[in-house]
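Each number in this note's numbering comes from the position in the sequence shown (counting from 1) with 1 added on.
Built from N, CA and C at the ideal position, the CB exists for glycine as well.
Predicted, not measured: the structure shown is a model, and the values here were computed from it.
For reference, the structure is listed below as structure tokens.
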Amino acid sequence: HGSSAFQRHYRHGSCRRASFFSSHAVASAEYPSSSDDFSDGETLTVVNDVRIVKVEDDGGCVTLQFRSDHINTDEESSNNSQSTYHASWLWSNDPQRIVLPSGQRTSTPGQWCASSRPRIRDATIIYCNIEQNENDGFDFNGMHTDNLESTSGSETMSATEEIKVPGPTSKDSCHPLPIYGHYPAWMSATSTTDMPQTNNGKTCRPYLKIVWSTPSTSNSQTDHNEIHESTSIYDIEWLQRFQYDNASRLQHRRRTEVQPVNAIRKDGPPSWYSTKASRKDLRSLYPGEEMPKHENDGLMHVNYHSIIKDDGQVSQEGLFQLLQSVFRDGAAIVSNTPLSHRHSEATTTTTTSNNVSKLCHSLETMSEDELPVSKIAKAMSGSSLSHGSLYGNIFHVRVGERNANNVAYTSSALPPHQDLAYYESPPGMQLLHCAMMGRGVVGGESTLIDGMAAAHRLREVRPESFECLVKCAATFVKQRDGAGMTYRR
2 HGSSAFQRHY RHGSCRRASF FSSHAVASAE YPSSSDDFSD GETLTVVNDV
52 RIVKVEDDGG CVTLQFRSDH INTDEESSNN SQSTYHASWL WSNDPQRIVL
102 PSGQRTSTPG QWCASSRPRI RDATIIYCNI EQNENDGFDF NGMHTDNLES
152 TSGSETMSAT EEIKVPGPTS KDSCHPLPIY GHYPAWMSAT STTDMPQTNN
202 GKTCRPYLKI VWSTPSTSNS QTDHNEIHES TSIYDIEWLQ RFQYDNASRL
252 QHRRRTEVQP VNAIRKDGPP SWYSTKASRK DLRSLYPGEE MPKHENDGLM
302 HVNYHSIIKD DGQVSQEGLF QLLQSVFRDG AAIVSNTPLS HRHSEATTTT
352 TTSNNVSKLC HSLETMSEDE LPVSKIAKAM SGSSLSHGSL YGNIFHVRVG
402 ERNANNVAYT SSALPPHQDL AYYESPPGMQ LLHCAMMGRG VVGGESTLID
452 GMAAAHRLRE VRPESFECLV KCAATFVKQR DGAGMTYRR
């Protein structure tokens with residue numbers, strides 16, 4: 002009895018195969034948001050100094066230079082970097098234009114064009130001592146900035162004032178202000194244009210203050226030359242995390258790209274686990290705990306009962322270990338899985354053909370919530386299943402069916418493949434549960450292939466073939482009675 006649960010945000014592309022008796026459960030994925038911001042062992046970037054290199058004469062972009070101390074990072078991290086931020090990007094990521102608590106933006110680069118293309122009139126680095134938390138929003142356009150006027154390259158006046166600034170964001174957040182975590186979206190702060198020598202026990206953070214100038218869109222003769230000004234403030238650490246110059250994008254690619262060193266192997270865990278970076282990373286995830294180990298098949302094994310408790314509730318610790326294993330390696334084994342949630346005994350591996358028929362009927366008559374594979378799928382996805390229009394949320398595969406409308410119902414060996422590739426948005430994760438194997442059955446092994454690592458290797462050994470692979474679209478088709486789906490990718 003196999004099942005397939007699918008998630009969108011998925012690091013590795015893996016193919017799976019199961020035979021004899023299997024079913025598919027499909028789950029739409031939303032990774033649970035972490036409630037921790039800067040936990041022990043995370044990579045922290047402490048911005049020691051930042052300066053404005055220049056603001057282009059047309060106000061189209063501003064260039065910043067960072068000098069930072071990187072804590073718990075790999076050796077490739079540079080302590081000095083320079084990056085240019087364009088007006089359209091900054092304007093679209095203005096923290097004031099983030100809707101709370103959803104995090105949705107109310108501005109886009111297209112709206113920047115429609116808003117008469119606001120330009121950067123002035124850019125200033127300000128340093129803020131965060132004093133107290135505030136949960137309400139703040140209109141920067143209403144604050145007094147007379148003493149903070151400056152232009153790139155000019156001397157700035159030392160001044161302090163009470164303002165509100167975006168709170169620190171967690172490392173995995175793409176929003177310019179905290180939508181989740183320990184910190185509120187907006188925080189009260191005392192700002193100054195001078196870098197403090199000491200923080201007097203307070204948290205001091207640098208921010209970029211942008212003053213925008215926008216030509217009037219009025220048709221009136223008197224308003225034709227009027228310039229409207231507005232102000233935005235950005236957390237420097239957030240800006241540094243989202244540098245998009247060529248060097249930063251290359252470094253990000255090296256840090257996140259799935260390479261052969263990350264690939265699952267039949268003779269042991271991925272080679273990445275023998276590196277210093279891996280040991281440091283795992284220690285940060287499991288501080289003071291025994292770190293999980295790979296089994297002889299090269300995969301992490303997570304006990305079913307460490308994920309789903311006896312009362313049916315989900316254990317967050319066990320779920321985290323499963324998700325983390327799948328995210329890192331592309332696949333994991335859920336061991337000691339029962340035949341149903343009502344029965345605590347593990348899957349039976351061999352039985353007679355008569356018992357197989359009874360089990361098939363029993364499993365097919367169970368409700369969705371009784372099937373362990375559905376419990377795991379819903380736990381991983383956040384309670385919802387998806388992609389069930391063709392085969393249902395649970396796909397039971399029975400070998401030997403007459404007039405089978407799917408090759409999975411036959412005894413033919415299935416080559417490596419990805420399911421539902423004819424969907425415009427195919428699922429990203431699949432769960433297979435082999436509930437029973439009849440005596441005398443030959444074959445039925447599941448084969449996993451790391452597609453991302455294979456593509457990386459192909460690019461190295463046959464770059465011309467890789468070029469063809471990424472440029473020439475393939476056509477995926479599902480065509481039979483009651484189904485007609487085609488997609489080119």
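Tell me, which residues are paired with V56 by DSSP? Here residue 56 refers to the residue found at position 55 of the sequence shown. Paired residues: V63.
G269 (DSSP reduced to helix, strand or coil): Stepping through the sequence shown from its first residue, residue 269 is reached at position 268. Three-state DSSP puts G269 in a strand.
Pull the bridge partners of V315 from the DSSP assignment, please. Taking the sequence shown and counting its residues from 1, the one referred to as residue 315 is at position 314. I309.
If we count the other Cβ atoms within 10 Å of its Cβ and call it buried at 16 or more, is F141 buried or exposed? Working through the sequence shown from its first residue, we reach residue 141 at position 140. Residue confidence is low: F141 scores 39 on pLDDT, short of 50, so the model does not pin down where it sits. Its coordinate-derived value is still stated next. Answer is buried; the Cβ neighbour count reaches 16.
Sorry if obvious, but does the Cβ on R440 come closer than 6 angstroms to a heavy atom of the ligand NAD? This structure lacks the ligand NAD, and indeed carries no ligand of any kind.
Can you tell me where the beta strand (DSSP E) with T504 in it begins and where it stops? One cannot answer for residue 504 here, as it falls past the ends of the chain, which runs 2 to 490.
Kindly indicate which three-state DSSP category Y410 falls into: helix, strand or coil? As a first step, residue 410 must be located in the sequence shown, where it is residue number 409. If DSSP states are grouped into helix, strand and coil, Y410 belongs with the helices.
Member of R463, D451, R490, H362 whose CA lies at the smallest distance from the CA of A474: As a position in the sequence shown, residue 474 is number 473, starting the count at 1. Residue R490 is the option with its Cα nearest to A474.
Please report the distance separating the alpha-carbon of T257 from that of S214. For the purposes of this step, residue 257 is identified with residue 256 of the sequence shown, where counting begins at 1. For the purposes of this step, residue 214 is identified with residue 213 of the sequence shown, where counting begins at 1. Taking the straight line from one Cα to the other gives about 38 angstroms.
Contacting residues, own chain, Cβ-Cβ under 8 angstroms from K267 (five flanking each side not counted): On the sequence shown, residue 267 is found 266 positions in, with the first residue counted as 1. Around K267: D298, G299.
Reducing DSSP to helix, strand and coil, say where T366 ends up. Taking the sequence shown and counting its residues from 1, the one referred to as residue 366 is at position 365. DSSP places T366 in helix when its eight states are reduced to three.
S189 and K165: beta carbons closer than 7 angstroms? Taking the first residue of the sequence shown as 1, we reach residue 189 at position 188. Taking the first residue of the sequence shown as 1, we reach residue 165 at position 164. For S189 and K165, yes; Cβs fall inside 7 angstroms.
Please classify G331 as buried or exposed, where buried requires at least 16 neighbouring CB atoms within 10 angstroms. Position 330 of the sequence shown holds residue 331. Buried is the call here.
When we look at the beta-carbon of T194 and count the other beta-carbons within 10 Å, is it buried (16 or more) or exposed? Here residue 194 is taken as the residue at index 193 of the sequence shown, counted from 1. By the 10 Å Cβ count, T194 comes out buried.
What does the alpha-carbon distance come out to for the pair I127 and I121? Within the sequence shown, the letter at position 126 stands for residue 127. Within the sequence shown, the letter at position 120 stands for residue 121. C-alpha of I127 to C-alpha of I121: approximately 16 angstroms in a straight line.
Taking 6 angstroms as the limit between beta carbons, can you name the residues of its chain near E1, skipping five residues before and five after? Residue 1 lies beyond the residue range present for the chain, which begins at 2 and ends at 490; the question has no answer from this structure.
Member of L240, G168, N130 whose CA lies at the smallest distance from the CA of W92: As a position in the sequence shown, residue 92 is number 91, starting the count at 1. It is L240.
Where the alpha helix (DSSP H) through D236 begins and ends: Taking the sequence shown and counting its residues from 1, the one referred to as residue 236 is at position 235. Here D236 belongs to no alpha helix (DSSP H); instead the beta strand (DSSP E) covers 228 to 236.
In whole angstroms, what is the alpha-carbon distance linking L283 and M292? Stepping through the sequence shown from its first residue, residue 283 is reached at position 282. Stepping through the sequence shown from its first residue, residue 292 is reached at position 291. Answer to the nearest angstrom: the Cα atoms are 7 angstroms apart.
Classify E238 as buried or exposed, calling it buried when 16 or more other Cβ atoms lie within 10 Å of its own Cβ. Counting from one through the sequence shown, the residue named residue 238 turns up at place 237. It is buried - the Cβ of E238 has at least 16 other Cβ atoms within 10 Å.
Taking C-beta to C-beta, are M301 and S341 nearer than 7 angstroms? As a working note, residue 301 is residue 300 in the sequence shown. As a working note, residue 341 is residue 340 in the sequence shown. Contact: no.
Could you tell me which uninterrupted beta strand (DSSP E) segments, each at least 3 residues in length, are contained entirely in the region 443 to 490, listed from first to last along the chain? Listed in chain order, the complete beta strand (DSSP E) runs (minimum 3 residues) inside the region 443 to 490 are 476 to 481, 484 to 489.
Indicate whether the contact test is met: 3 or more Cβ pairs, each with one atom in the region 459 to 468 and one in the region 267 to 278, closer than 8 angstroms. Between the region 459 to 468 and the region 267 to 278 there are fewer than three inter-stretch CB-CB distances shorter than 8 angstroms, so the stretches are not counted as touching.
Note down the Cα distance separating L178 from T170, rounded to an integer number of angstroms. Taking the first residue of the sequence shown as 1, we reach residue 178 at position 177. Taking the first residue of the sequence shown as 1, we reach residue 170 at position 169. Spanning the two alpha carbons is a distance of roughly 6 angstroms.
Please tell me whether L432 and A378 are closer than 7 angstroms, where the distance is taken between their beta carbons. Locating residue 432 in the sequence shown gives position 431, where the first residue counts as 1. Locating residue 378 in the sequence shown gives position 377, where the first residue counts as 1. Yes, these two residues count as a Cβ contact at 7 angstroms.
Do L65 and S89 have their C-beta atoms within less than 7 angstroms of each other? Sequence index remark: in the sequence shown, residue 65 carries index 64 (1-based). Sequence index remark: in the sequence shown, residue 89 carries index 88 (1-based). In this structure, L65 lies away from S89, with their beta-carbon atoms at least 7 angstroms apart.
In the structure shown, what three-state DSSP assignment does C175 receive? As a working mapping, residue 175 is identified with position 174 in the sequence shown. DSSP places C175 in coil when its eight states are reduced to three.
Can you tell me whether P288 is buried or exposed, with buried defined as 16 or more other CB within 10 angstroms of its CB? Within the sequence shown, residue 288 is the residue found at index 287, counting from 1. Counting other Cβ atoms within 10 Å of its Cβ, P288 stays below 16 and is therefore classed as exposed.
With a threshold of 16 other CB atoms inside 10 Å of the CB of L372, please say whether the residue is buried or exposed. For this step, residue 372 is matched to residue 371 along the sequence shown. Label assigned to L372: buried.
Going by Cα to Cα distance, which pick from A455, D50, G319 is closest to L470? Counted from its first residue, the sequence shown places residue 470 at position 469. The residue among A455, D50, G319 with its C-alpha nearest the C-alpha of L470 is A455.
By how many angstroms is the C-alpha of G393 removed from the C-alpha of I228? Position 227 of the sequence shown, counted from the first residue, corresponds to residue 228. Position 392 of the sequence shown, counted from the first residue, corresponds to residue 393. Looking at the two C-alpha atoms, the distance is approximately 59 angstroms.
Where E371 falls: helix, strand or coil (DSSP): Residue numbering aside, residue 371 sits at position 370 when the sequence shown is read from its first letter. Helix, per DSSP.
Name the two residues that bound the continuous beta strand (DSSP E) containing H339. Reading the sequence shown from its first residue, position 338 is the one you call residue 339. Checking the sequence shown, residue 339 turns out to be Pro, not His. Run containing P339: 339 to 341, per the beta strand (DSSP E) assignment.
Spatial distance of K359 from Y305 (CA atoms): For the purposes of this step, residue 359 is taken as residue 358 along the sequence shown, with counting starting at 1. For the purposes of this step, residue 305 is taken as residue 304 along the sequence shown, with counting starting at 1. In a straight line, the C-alpha of K359 is about 24 angstroms away from that of Y305.
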